[in-house]
Amino acid sequence: MSRQGGHLALAWMSLQLLLWHESVTIEVPQDPKILADLRQPPTITKQSVKDYIVDPRDNIIIECEAKGNPVPTFSWRRNGKFFNIGKDLRVTMQKRSGTLEIEFRNGGRPEDYEGEYQCFAGNDYGMAMSNKILLRVSKAPLWPKEVLEPVVVTEGSSLVLSCNPPPGLPPPVTFWISSLMMPIRQDKRVSMGLNGDLYFSNVMAQDAQNDYSCSARFLFTHTIQQKNPFTLKVLTNDPYNDTSYNDSDPYGGRKVAESMPTFLSPLGSESSKMVLRDEQLLLECIAAGLPTPAIKWFKKGGDLPGHKVKFEMYNKTMKIINVSEEDAGEYVCMANNHLGSIRHSIFVQVRAAPYWLDKPTNLVLAPEENGRLVCRANGNPKPTIQWLVNSIPIDSSLPDPSRQLMGDTIIFRSVQMGSSAVYQCNASNQHGYLLANAFVSVIDMRPRMLGLKNQLIKVIENNRTFLDCPFFGSPIPELRWFKNGQGSGLDGGQYRVYVNGTLEIKRAKAMDEGTYTCVASSILGMAENQVRLEVKEPSRIVLAPEHQSAVRGSTARFNCKVKFDPSLPVTVTWTKDDKPIHLGRRLRKDDETLTIANINEADEGTYVCTVKTEIDQDSASARLTVLEEASLNPSVSSALPPDRPDPPMDLELSDPAARSVRLTWIPGNDHRSPVTEFLVQFEEDRWEPGRWQDLATYPGDLTSVILQLAPFVNYQFRVIAINAVGQSVASVPSPKYQTSSAAPDVIPRGLRGWGSEKDNMEITWEPLLDLEKNGPNLHYSVWWRRKDSDGEWNNVTTTGTKHVVHNTETYVPYEIKIQARNDLGAGPESNLVIGYSGEDKPTSAPTDLHISKVDSTKGNIHWKPVNQDSVRGEFKEYRLYYWRKASHVPGLVFSKENKTKGFYTTMAQPSAILSDLVPFSHYQMFMVVANNHYEGPPSNSVEFSTKEGVPDAPSFFRIKRRGFDSIHLEWGKPTEPNGLLIGYRLKYQAANGSREGRPHLETFLPNVTEFTLRLPDRSTRYNFYLSALTTVGAGEVIIEESPFFTNEGNKTMKTVPVTHQPPITMKDLIAGAKYHLRVYSHELSSITSKSVTFETKAAYIDQVDIATQGWFIGLMCAIALIILILLIVCFIKRSRGGKYPVRDKKDLPLDSVDHKDPDGSFDYHSDEDNKPLQGSQTSLEGNVKESDDSLVDYGEGGDGQFNEDGSFIGQYTVKKDKDETEGNESSEATSPVNALYSLA
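Residue numbering for the sequence shown follows the numbering used here, starting at 16 and increasing by one per position.
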């Protein structure tokens, strides 16, 4: 029953948290009218320090000031009781303030007013209170009268002269002087301790004197008191002579007994020290001995914090500033001389007075709104948090239904007008306390406009424009903008409304002109204001002045043509070297030109034209260079090419600021090429002395710039001029400039948390760059806490870039943040980063591992998952280990390599496919669960067998030799048969280019690995396809192609694994060889691309049988035919010589189609047949003039032909049918007769 009730309570609390919504805190503007009407509880604005020591010679003033509306009234408590100021005539309270002033002009003792004071400021809405101020009067007591006997010691022994100053308030500063008011000389042997005593590690004869006096200086009274002087007498074995003393033999040859080191302070072998966080730790070790011992310091288990440790008083005192928790531990001081050494351990404990983590702040709410006050502090020991309301403990105050106290947080829900009050948070431990006031003010106020009424805003076209509309109200009003009093609210598109009421117009256009109205409304009413917007054209220089050179005594003119909005008043001004120009007889200005007459050397410089209106401006500059008359000589000036500029001169620094300084220089000669820009470089002497770094570049018309700098850097600058030719040499460096220190403003990068061991978390980050340190003693504050615990932050301060958190639980999330600090303060905090502590070995194993649906290459595996808590780290995967245990193929040699495969799944019933298995094999497997560092115990082991599959391709396939009528093939058994091999299948077919002939099939027994093929035609090429067979089927096919010639080499198959995206480069190919290429899947060999054929370039020409080549046979036939025709022509000319009358050849049109002769050959006709033959001449009438000796004479129309037997058939026919003519006509361009004719 109780468990059920607890669940109900948790559910109700969760429901409350879900329903509760924290409202945005109202920010009250510092507007006098608003503040005058706004009623608020009091706030303490000024108070005296907690530990307040006053000078008894002055009046006592205890400060306490506060603000509020109505004006607060003040009261005081002294030692916890009401302090009635009116009854004490010496005490007065200042007007409109709670500050007390206690006067002693008419008598009275300041000591009578010592005690604890606390101020209270209250009005109708609450009561605020100050810290408890402990008032004490400074005291400077006299030294007690005492008679000091002479101190007698033996030379070489140790000595301590005690001081024991009177206890003053504050404690006095002690020092030792002689009767002549000269300080006692201190060194490695003689020194003053922290308690004021004077220590002698060993006494020497020259130490004897009668005026060792300890003095105490009291700060408040500015007085010094002296103790009666000590008289020191030193006993020596031999008489002491001042002249015998020297540094190399301080004892003047006397024999003084040496001694091992012993500690004078502190005594014993160990001691302890407690110090508060952020204070200063002083540790002291003073040793006696002869020779004088040397002191060294160590920290056990670590290094001394070098950035904040300092050794004083000849290493006898070690000072650590800004103590943090990491400075706790055991410190060891060692004193040694050549006789031996001793050690003393000081155990340092670091405690902490309370310090704020989240300090409560004022809360302004409207009725029915929600809010909260948070008070979080840390310390050592952990401080206790106490809440008060109006200076009364919250438990004793009147109940408020809108208030709920939850530890260090007060939650307010649906506040009402009477809920205003001042809440105090007190965090305290044995080392101190913190007190913070934070009021809750519940106000209701109608919306009000805070800005000027009916403003006129003028902006430049295309500029980003903001229209402000500050407003206030409680509850926070809703604000909307309207244009010209029409339409819906403006938001979206080119408009954006900010939370503070500002309207942004992203790019103002002419169409955006008009009257804009902002309306703020709430349940209490509404208020509005108007802004009139005018959009103007930009002012710009359309014709800018240009750099020019002019001879002394001549006239120079600079143009400056401007364009501006005509509705705006405009001014155009000229300056020279950033100084106004005084116009006169020589310098004249009109609307667009500046004229300089009778130029002299003083006119040289940079001239700037500036056009300015009330809302914008534009400027352009040009440099005037004054030349001597000799420069006009073409042989002197025109012939000189442009050159690099001279370096700038006379660098000066001015206008120093925290992070900037003005640098001014004088440009050097530009050597006929204007300077386009200046490069400013800097060098600093702290981190990289001697290295010049680029700082910024500036236009070439500037000679004075403001440099933006980093804090805590000792800068030195130089300037380089740059023109079109190149850079000048660097200028002479400027004077050094040291920027002041500042707190860091950069967040350390790369913050992360991870575990290197199972019980730790390493927090690492990147160090700040040198120029980001901003001040001395850079260190880092790191905070961490368990995520979602809402517990206290742990923190550490370190100078390194790593901190290890020990003794953590295994793999738990932490929230981490970091902040850089230096002596000037703290930088911004980083965002929260989630880190994890270290991982450990998982404790559980997957169970019920089994496999189903096993085929030849894959199977489905199943298992039961582990509990995620048992992973003890980030779950990475379920990792399967499997290996091939045996093969069902007798005698097969294979690899038993272990393989792994990972599966990431969070399903309740996980399963996966295990692929890439070898067929016809026996496997074994088990599974583990893995995190980033460890694997868990193994699951149950499972054995299974894969089914028989198709075999791999034969291990090789090649043409061993080729004869004139046969090809001998040879192949090897598959590396992986994937089953019981039953034979091979060979398919081959003739190949004619891209066409293949009818396939032929051969099968072979498994023990046959060669085959000889008889070739019916020795010129025929074949493609061969070979595959191995099991009972499942044929395996992967390997292809071989018969070579062109018998001397081609054997062919083999190569496989190139593809490990990256294409293109893929194939190496080690044979020159002049043909290759077949295909791409296939390694896991599924049936998935393959089409085969592609390519041939590599030949490195040499093969020796082939030319008699078998077709082109050679054709060439020989053509030559024989030409010889035969020549013989026939010669025979005809010999038998029928002489001239014959011929008639003009008629032009007959040629048919566009080819006509087939009875013997199946084709005649191809061309337009070239009707053209004059080469060597003939054409008359003016276009007729062809035949040559004197022509075969055309033997027939009409030039139609002379030969029969198949070579006899001439040119009959004297008058006319032929068209078809007959066209059918028997041959082309003049290709006919052997015509060819011979044109050659004759």
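Quick reminder that beta carbons are idealized off the backbone N, C-alpha and C, glycines included.
- The three-state reading of DSSP puts Ser885 in helix, counting H, G and I together.
- Take Glu830, set aside five residues on each side of it, and the residues of its chain with a beta-carbon closer than 6 Å to its own are Arg800, Lys802 and Leu847, in chain order.
- Here DSSP, grouped into helix, strand and coil, assigns Ser1150 to helix.
- Fully enclosed beta strand (DSSP E) runs of no fewer than 3 residues occupy 981-986 of the stretch 976-1005, in order along the chain.
- Inter-residue distance for Phe245 and Asp342 is about 40 Å (C-alpha atoms, whole angstroms).
- The bridge partners DSSP lists for Arg555 are Lys578.
- Sequence-distant partners of Met776 (beyond 5 residues in either direction) whose C-beta falls short of 8 Å from its own C-beta, in its chain, are Gly768, Trp769, Gly770, Trp799, Val819, Val820, Thr823, Tyr829, Gly850, Tyr851, Ser852 and Gly853.
- Looking from the CA of Arg269, the closest CA among Ile538, Phe427, Leu250 and Thr990 belongs to Leu250.
- Cβ-Cβ separation between Leu157 and Lys65: approximately 30 Å, too far for a contact (criterion under 8 Å).
- When secondary structure is reduced to three states using DSSP, Ile1138 falls in the helix class.
- In this structure, Asn352 keeps its C-beta atom at 8 Å or more from the C-beta atom of Pro396.
- The DSSP-derived three-state label of Ser411 is helix.
- Around Asn138, the same chain offers Pro56, Pro57, Gly83, Asn84, Pro85, Val86, Pro87 and Thr88 as residues with beta carbons nearer than 8 Å, after the five sequence neighbours per side are excluded.
- Its chain contains Glu161 and Leu163 as the residues whose beta carbon lies nearer than 7 Å to that of Asn243, once the 5 sequence neighbours on both sides are disregarded; these appear in chain order.
- According to DSSP, Val626 shares a beta bridge with Val587 and Asp633.
- In terms of CA proximity to Pro165, Asp226 leads the group Leu115, Asp226, Arg463 and Gln221.
- Using a Cβ-Cβ distance cut-off of 8 Å, the stretch 579-591 and the stretch 510-518 are not in contact, since fewer than three pairs of beta carbons, one from each stretch, lie closer than that value.
- Using a 10 angstroms sphere on the CB of Arg72, the tally of other CB atoms stays under 16, which defines it as exposed.
- Gly806 sits exposed, since fewer than 16 C-beta atoms from the chains shown fall within 10 Å of its C-beta.
- Shown here, Ser173 sits in coil according to DSSP, grouped into three states, outside any helix or strand.
- For the stretch 79-129, the continuous beta strand (DSSP E) assignments of 3+ residues that do not extend past its boundaries occur at 79-84, 88-93, 106-108 and 115-117, in sequence order.
- A direct Cα-Cα distance of roughly 23 Å separates Asn1038 from Val965.
- Two segments are said to touch when three or more pairs of C-beta atoms, one from each, lie closer than 8 Å; by this definition the stretch 431-447 touches the stretch 129-145.
- Minimum Cα-Cα distance from Gly1012 among the listed residues Leu995, Leu996 and Arg1036 corresponds to Arg1036.
- Its Cα nearest to that of Ile833, the residue Gly765 stands out among Gly529, Ser749, Asp318 and Gly765.
- Under the rule that a run must span 3 or more residues, the beta strand (DSSP E) segments found entirely inside the stretch 415-470 read 418-421, 424-427, 436-444, 447-457 and 460-464.
- Collapsing the DSSP output to three states places Leu839 in coil.
- For Lys325, the three-state secondary structure derived from DSSP is strand.
- Selection Leu209, Ile239 and Ser172 evaluated against Val218 yields Ser172 as nearest (Cα-Cα).
- Here Val290 carries a strand assignment [DSSP, helix/strand/coil].
- For Ala927, the uninterrupted beta strand (DSSP E) segment begins and ends at Ser926 to Leu929.
- Judged by beta-carbon spacing, Trp91 lies beyond the 8 Å limit of Gln62, meaning their Cβ atoms are not closer than that value.
- Taking all protein chains in view, the Cβ of Thr1080 is surrounded by fewer than 16 other Cβ atoms within 10 Å, so the residue is classified as exposed.
- Within 10 angstroms of the beta-carbon of Glu384 lie 16 or more other beta-carbons, which makes it buried.
- Excluding the 5 residues flanking it on each side, Gly130 has same chain C-beta neighbours closer than 7 Å at Arg93, Asn94 and Leu150, in chain order.
- DSSP lists Leu518 as the bridge partner or partners of Val512.
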